[in-house]
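Let me begin by presenting the structure, written as structure tokens, before commenting on it.
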Amino acid sequence: MDIHRSRFVPFPSSAINALAFSHADPTDDGKDPECLRLAIGRANGNIEIWNPAYGAWVQERVFCGGKDRSVEGLAWTQEPDRKDDQGRIILGRLRLFSIGYSSSVTEWDLATGLPLRHSNGNHSEVWCFAAQPKAKPTPKGSVAQEEDASQKLIAGCADGTLVLLSTADDDLQFEKFVARSTAKKARALSVTFKDRKIALAGFADSMIRVYDTRSGYVIRNISLGSAGPGRPKETLVWNIKCLPNGDFVSGDSNGDVRIYDGRNYSHIQRISGHEADVLDLAVSRDGTMIFSGGMDRRSCLYTSNKKSASGMASQGGKWRKVSHQRYHDHDVKAMATYDGAKLSILVSGGIDTQPIIVPIRQFGKELSRGLPALPHSPPLVSAPEARLMVGWWNCELRVWRVKSRDDGAERPKVVARLALQGDENISSATITQDGGMLAVATVREVKLFQLVETSLDAGSGLRIKKLEIPSTVGARIVRFTPDGKWLAIVTATNETRMARIIRSDGPLDRPRVLRKLLPLPRLPRDHPLQDSLNGSEGRYGRSVTHAEFSTDGTIFAVADLAGHVDTWVTEGHEDLTAPEVDIGETIESSADDDDSDDEEVSQERITFLGQRWIRNPTAHLLPCLDSAPALLSFQPIPEDTSHPEPNGKPAFHPTRRNPHPHSHDIPETEHCLLIVSADGQLHLFDVLAGRLSEWSRRNPPSSYPSQYRKLRSSAKGCIWDVSQQERIWLYGEGWLFMFDISRDLPIPDSAAFDLASGADEAETRASKKRKRDAAKENARKGTSGAGDVVPERDAPVTKLRKYGSGQYTAQPAQITQIALHAARVTTETDMEYDNDHSALASLRRQEGSTSHGVNGVVNGDPSLTSLGLVEREGKQDALEPQKQNQEHWWHTFKYRPILGIVPMGGGGGEPLEVVLVERPSWDLDLPPRFMGAHEG
Amino acid sequence: MADVNGMPKLKRKREGAEPLRKKVKTQRKSKTEDAEGETSTPLKAPVSTPSSSNADMKPAPPSSLKKEPTPTPQRSQANSASAADSSTPKARKDKKRDRNQKKDEPKASEAKEPFVERETPTTVVVNGDNADKSTKKEKKQKKRKGKQNDQWSLSEPQGGWFLQQDPVFSPDEKHLLLAKLKTLEVYATETSLLAKELPVGGSGVILSYATSSAQSNQAYIADSAGMITLWDWTNGSKIGRWDIGANVRHLDVVKQPGSDQDLLYTHETGNSHVINVHALRTGAQASKTELRRILKTSKPISGLQVLLGGKIVVASSANCVMVGKRAKLHKTAVQDFEYVWREFETSGRITTFSAYIHIPGAEKSKKPLQDPRDNLDLAIGDSEGVIHLFEDIFTSFAAIEKSQKEKAGKAIGLESLRPKRLHWHREAVGSLKWSRDGNYLISGGDETVLTIWQLSTGKQQHLPHLTAAIENVVVSPSGASYAISLANNSVIVLSTSELLAKTNIIGLQSRRVDQEQQPRESNSSTYSFELFGPVPMTVDSKNSHVIFATPSSQPHRHHGGLLPEPYAQTYDIATHRAVARQALTRNNATDTNVDPEGQRVREPNVQFIQTSHDGMWLATVDEWLPPSSAMGHIEEGDLKANEEERLFRRESYLKIWRWDEKGAQWVLDARIDAPHFHKGVAAHARVVDLVADPSCTGFATVGDDRIVRVWRPKTRTRDGIVVRGGDRMQGLVTWSLDRSIGIPSKLDIDESDQTLQDLSTLQSCHLAFSADGSALAAGVSWASGTDPGVIHIIDADEGIIRRSITEIDITELSGLGIFGRYLIAVSNTIVVWDMVIDQFVHSMPIDTPGVDTAHRAQLVRLAVNEEDGTFAVSAPRFEKEEKAGSRRFLKTSTRVSVFDPNHPKALWNRSVPGIVLALASAKGGRGYITLDASSSIRTISPKATTQQLPTPPPETMPLLLTDSVDVDEIDDAKQKPYLQLDASEELLRDSENDKPVVRPEQLQAIFESGSSNALPAVRDLFDAIVGLYARKPRASGVVGAV
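Protein chains in written order, with the working numbering: chain W, 158 to 1093; chain X, -12 to 1029.
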């Protein structure tokens, strides 16, 4: 593979401004809620929804923002739980609110990712806001207080006013002013609820004010005073947070964290842990830990050994700073904690764009972990035949021409720039293989452009011509078929539409889009699961996140968050003589599925030039995935088999009985669809057969190389290398993995596995050690959601033992030694599960070898093997025999962070050529950062 | 439990058979006994082997065995007797007393001799005899050597390093107890003056010491002979002495619960590490001496702290902390002491720790001390510079043990044992202490910064620029001051409120070579003896102070190579006190001392120090080479070329300093960059030797550019008028090159073909001035062994080589001297050449076992004393220990010989323990001064003359103003000048605030203006003192502490 390692894509950084977890507490039965989500608000207006998924951390959705829209604050509320007809408790719906540089609070529709409503109110810009804590279920039953049970929002404004907003009745309404602007019009910088009645607000005039939200009465003014000579007169109270026992904490511009008594609002303690402003605070649920993050890049931890004993004011000085650490390269702007049953994590983010996860309860025993800072779906596409690459960010898009290596190592040149009118961020873009057409989608509209070479000599710029498109609806995903005849549009409301584009061969002719869009209905899925995210109002899980055409353009697949995959196929053959748009009314058709009658809503049947899209007859056979798909890709199929010609058969002509004739042929070649789920599992489906491919069946996750299984970030994309071998190159943010799918991965318990593990895993050969390896893996699963367990050499305390004064002579074995750092007990079930799988897999392999002969060779193209393998065999003589086994897979962590990899150059026997775009954090254009006194 | 109890008992019985445990009762001696002891001095004292000072870091049980040839039956007898019944028969008691006397008297006599009038008529000079005593005894034992030895005497060592143990405050904080190897020194915190010395006798050296908690005037001293001695440190008398037969590394004393007597917690080393509780009782206390072993471990214990009267004991080893809590608190008998130990391992290497007990609700003070819930806070400093702070560690232990019991596969709830991390120190935390109230932690380390952590606010306070690494920090009993011992052999006491220094005790700071750095038997062939290279030292002729170069900081745990020596310390031998310390080159006391790669920046190294004949000028040569790691950017793969390039970047300066009488310091007058240089490559050349003109002001240098340069001052004139500047009466002076004499490589080769290659072959070169300054000898030996070298006699006035002596073989020249008509060259042999008749007189061989000739040149030293017509040569000896291969280190000693050039035999020979790093003749006096690798100064002085160095014996201070002192306070003959000073301090304190600052040295100067036996009249003394205190405060009376 020929890699252009490049950093020329100026993908801009976008600081994390706000972080919020959807739930504060675990559920009543002590488990972490299934629909726990983390919302990350960025300076470019994007909101990312992450699913912690017990440590897997999947970026599920990105709600696109727009120009000059920044997310400055985020808050979740949950509607009160209801009981349905059968008396089951339906968990309340989650709602997400955000503030930006405006006077309104925005509610987001989680299902569509669009703003749902804005609050109104005659007040100045909102600087901070907070949600009221959830009402505690009263023993009497909360029916009477239904209205009261909703969580109100309180917003602090630039002129110092505090506004109470009601979220009752599924609405967002101004309720009242809690506080009018002060005389000095000091900004309200931070606000929080102490309980459901009392709100605390920190202002820019070094004051904390305590309000009774019901009456608007100021209970207490707390002044922080100035920092002393040489410092600004006013102290900015950047953040204020409440501890569970009612005490509260403030972080201010002096770098101090102050702790106050919750009963009499008196100042208890002041800890200076930062060299510069404390920008955000977070507290653990049991109230024994406070985290603070500041402008000096530090994240500090403070603990108190007083467990939940409220008002230990007399104890003064019980809080102690434990440590600080620089997880971030720049200001830490936001922190959020979730301290639940298993997950117990702090997430912090800042200008360096990378969210960092720090364990709370396991602090010091587990490492911190950085989540990918770059978007999960790479904002890059390429037109390999034209050697063009498209990258986009915010509302800008650029096209580069990448010269091949032979033309000299010239830097890729920008050949076209595009800045969309309107201030919506680009959500998706696609380009045809030949680079002739470009489609760009925002949440408001889809735009289609023709790219025309200005002159014939390569290297000159491209001219962009806008094309008409019938739809005005915005889209989340747009995809071209490689030949550019079809454009698939997945709208924000998760509807899929297909547009037919007529392209003529003449370079000057403009392609045109046929007026009619073909809706592609998805299979209805029964949803027994009704939780806070997937309520009756909107189904978050049905959000389509991935869509892909097969390389011959005959199959289209989409996948949603819940793991459902829908596929459609073309029916019939392209017939230029047929009418361009042929709309039929009939529904029943012999080719349709049996299950079409119970759900079919399509009232029209649209055929374009003799072709139309129908649901893949075996679509219902594709199972729902365990976890959200991270990647969807079709295996390219060799071109000669990809085009079944009509073999000179005459086109269908309308007759009376059949006014809208068309062929019912559907593609027959085996189309392999690769879906990598968020937990890293590779599913290779034979789409038309509706089953897992042989390779996938023979290679369960337990047979994956341990290096792959230890990966933390999920796959972002893949590159197929099928011209000579059958290889997939999977990549995540920090890794690049190759799998040879023409051969089976060695099964762990076979000897081949050990050989394949290679020299760097030589120690795993001993079976005992491998067990430990497995234990390590399981330990990862058992962690609190942050990084790996801290290696023993870094833990401050490792072992503990106890003995009496007479026992020193006793045998050491008799003294129980508590290894404080033992790996967590492995869960037996996991092991057995894995063993089952591998047993099954080996069984399947045996079957396979008897029935199909040697798989690897049969699957591969014989001519290719002769070409590729012969060459390899020449080398093999010199190498050790296990070298052959090593080529089952290969990996590198050399490239990071990877923004994306796109193929480049046209196939035809040449080795695969790709452009790998990195976006290292040091390359980001960050503002100057705070330098401490001791830093150079 | 009975079984458990039984085990140590059994052990004890078995040990009883060995001469390990013994109780010795000591009583105060009457004066008559003293006299008795005095008369019998020559008979005993088989004990003191003077060569032990470098061997003393070793456990030395064999020597203790040897000391008393038949101790076993007696001891078991004594043991059983004391165990059986206390009503011992008189006879036995007497016998015991006899033994006690015998044992104690050597030390006692040693201590007291100087103060008693000697009755022996032959010895005129008290100190000389005394100083010589131990050596002499040894000599007598071994071989009855010639009587001529008596003409010269070697003094007891002065200086030496303080033990690396926390300084101990007396309970009233008026005194600070510091130990050196052989003495426990009591300093007054008010005056920083030595108040009392408690010498340990015998072969042992002090290992640890602690004050008694029952009696504030008593202190326990444990020595390497396995003895623990109880002293009354206020009057210097011994109260008790016990042989516990083990080396006590750490000692902590608490009161026994329920009684008023001391319990000693000792960490004893042997095959394993043991913590014992001793109840050491003297006869007067009418109870038994008891022992209880509470911990035995194989891990080397590095620290011990006893809290709450022994209720909690904390000990640490390299990566392990052991916390012991006494169970069954109602049982107060020593034998019932039961400890429950909890031990936890840390991943980092522990360098220091400190524990603190928070008594919950202490303000309520309702609960008794036995409240089982005392919060033990533990702070641990590790080698990474992190302080881990464990709060309320017993609760954490309990939680973990509980979760361990219930475990069932659950992850151990560890969060309670999560330490707070205080990370400011860049390097290992040197020392760490809790403040008395538990609100602060005080720490210090190699950064030379004292850091005070306020725990509740997270704020730190720093006291930077303490000039040397902090080795120990101690909080005084009342919490009013911190005592900090620094790695430059000084201790300062700071007030906690303003962090101002109240006390500053400075020891001798010259280069120390630790045992670990000395050659071993295994590596003696590859050992580079650079650590034993010469320390530049000179004697200031105006006041006989010794000036020598010192490193800025010598941490005890630093065992690296040679440290650069950028400072000069001035030491007054007469008063045993460091007078001043001054930076001679750039140093890193206030600058950043770490380069971008994180390595320590090395200071320039002072290579030569010389004073002019009148003591008004000081010349120093310092040199700096870039570290090889900094030459990476020119790395070309050729190591040799790289090294050559590095040497070209040498920086070498000759600095001339003028004595500033007012400021009492040396002031830089001239700096000559590159006094020698290689013209062809424009590089500084190495300066190989520096000598001062003994007749007039002027210095001569020689460099490896083979040029001898003579530097002389010129009074500056402008139009013929002498330029006067500043406050100086003399004219301004310009130092310039006076003469420059090239040294031909060989006589028969003309100078034209001198290539650079040729230049680099200069192996060593030495200069010597004749006493009248007219002749300058330059001895050159070449690297090629075939060439025997040459000595040129240069006419200093004309700058012409008059004579080149090739007849002497000086292949490895290590010293050159002119004395009268004789030229003395020391190479493989000592050669005396008569310059007048130009003929060889005689030669004497030098014996340096353990050193090959390649290294010998830098280890053999020569000093010529014009005054008494002698020269002295010191030759190191690295010898294998005679007995047992168990000792890994070579035994080091130096043979110092004094010669008369007229005689082919040495006048006097003496073996001095340790390696002599510098040898100088006492200017203006007779005799020599040696400085050795343990930073001790000794003087060698001729005896047969009344003229002598102003060197009283170390133990004595001249008797002063006896009439004004309350005699009752002074024990026997132990009258010491500090009492005088105390009195004058009293006088001082009564005066008003803006009193003139009078430094103790000035007082000393008054009191010691004459020789010790001829004090001025009391009236004169009084006038002088009044003159001191009545004058106006001086503006710049600061001793140059940089």
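Idealized CB from N, CA, C, for every residue including glycine.
**Prompt:** So, is Thr638/W buried or exposed, given that buried needs 16 or more other C-beta atoms within 10 angstroms?
**Reply:** buried
**Message:** Between Leu957/W and chain X, is the shortest Cβ-Cβ distance under 8 Å, so that the two count as touching?
**Reply:** yes
**Asked** Between Thr338/X and Asn174/W, what straight-line distance do the alpha-carbon atoms span, to the nearest angstrom?
**Response** 43 Å
**Asked** To the nearest angstrom, how far is it from the Cα of Glu183/X to the Cα of Arg280/X?
**Response** Reading off the sequence, residue 183/X comes out as Lys, not Glu. Those two C-alpha atoms are separated by around 34 Å.
**Request:** Give a yes or no on whether the minimum CB-CB distance between Asp239/X and chain W is below 8 Å.
**Result:** no
**Request:** Quick one: grab the DSSP three-state call for Leu718/W.
**Result:** coil
**Asked** Who pairs with Pro832/X in a beta bridge, going by DSSP?
**Response** Thr816/X
**Trp220/X and Leu185/X closer than 8 Å at C-beta** = yes
**Request:** Could you name the residues of chain W that Leu486/X contacts, counting a contact when the two beta carbons are closer than 8 Å?
**Result:** Within chain W, no residue comes near Leu486/X; the closest Cβ sits about 20 Å away, beyond 8 Å.
**Message:** With a threshold of 6 Å on Cβ separation, who are the neighbours of Ser63/X within its own chain once the five nearest residues in sequence on each side are excluded?
**Reply:** Residue placement at Ser63/X is flagged as unreliable, the pLDDT there being 38, under the threshold of 50; the coordinate-derived value follows with that caveat. Within the same chain, Ser63/X has no close Cβ partners at all.
**Request:** Identify whether His842/X lies in helix, strand or coil by the three-state DSSP scheme.
**Result:** helix
**Prompt:** Under three-state DSSP, which class holds Glu229/W?
**Reply:** coil
**Prompt:** Going by beta carbon distance, what residues of the same chain come within less than 6 Å of Ile226/X, once the five residues before and after it are set aside?
**Reply:** Leu217 and Asp219
**Prompt:** For Lys522/W, which residues does DSSP report across the bridge?
**Reply:** Lys522/W is not bridged to any residue.
**chain W contact for Ser370/X (CB, 8 Å cutoff)** = no
**Prompt:** Would the beta-carbon of Leu849/X fall within 8 Å of that of Val860/X?
**Reply:** yes
**Asked** Are the CB atoms of Ile833/X and Ile817/X nearer to each other than 8 Å?
**Response** yes
**Message:** Between Tyr484/W and chain X, is the shortest Cβ-Cβ distance under 8 Å, so that the two count as touching?
**Reply:** no
**Delimiting residues of the beta strand (DSSP E) encompassing Glu705/W** = Val701 to Phe706
**Request:** For Glu183/W, decide whether its Cβ has a neighbour in chain X, counting only Cβ atoms nearer than 8 Å.
**Result:** Before going on, a small fix: residue 183/W reads as Pro here, not Glu. Closer than 8 Å: no.
**Asked** For Gly631/W versus Glu602/W, is the C-beta distance shorter than 8 Å?
**Response** yes
**Prompt:** Closest by CA to Gln881/W, which one among Glu1075/W, Gly889/W, Glu1067/W and His821/W?
**Reply:** Glu1067/W
**Message:** Any beta carbon from chain W within less than 8 Å of Pro445/X's own beta carbon?
**Reply:** The question names Pro, but residue 445/X is Gly in the sequence shown. So, interface residue.
**Asked** Assuming Thr879/X contacts Ile902/X under a Cβ cut-off of 8 Å, what Cβ separation, rounded to an integer in Å, is found between them?
**Response** 5 Å
**Message:** Quick check: is the beta carbon of Val489/W nearer than 8 Å to any beta carbon in chain X?
**Reply:** no
**Prompt:** Are the segment 260 to 269 of chain W and the segment 287 to 294 of chain W touching, with three or more C-beta to C-beta distances below 8 Å?
**Reply:** no
**Request:** Could you give the DSSP three-state label for Ala908/W: helix, strand or coil?
**Result:** Only weak support is given to the placement of Ala908/W: the predicted model assigns it a pLDDT of 44, under 50, and the value that follows is read from those uncertain coordinates. Three-state result, Ala908/W: helix.
**Prompt:** Between Val879/W and the rest of its own chain, which residues show a CB-CB distance below 6 Å, the 5 nearest in sequence each way excluded?
**Reply:** Pro793
**Residues, ordered as in the chain, of the segment 327 to 351 of chain X that lie near chain W by beta-carbon distance below 9 Å** = Val327, Trp328, Arg329, Glu330, Phe331, Glu332, Thr333, Ser334 and Gly335
**Prompt:** So, are the CB atoms of Ser539/X and Thr454/X less than 8 Å apart?
**Reply:** yes
**Request:** Identify, in the order they occur along the chain, each residue of the same chain with its Cβ nearer than 8 Å to the Cβ of Trp698/X, setting aside the five sequence neighbours on each side.
**Result:** Ala606, Leu641, Ile643, Ile659, Pro662, Gly685, Phe686, Ala687, Thr688, Trp722, Ser723, Leu724 and Asp725
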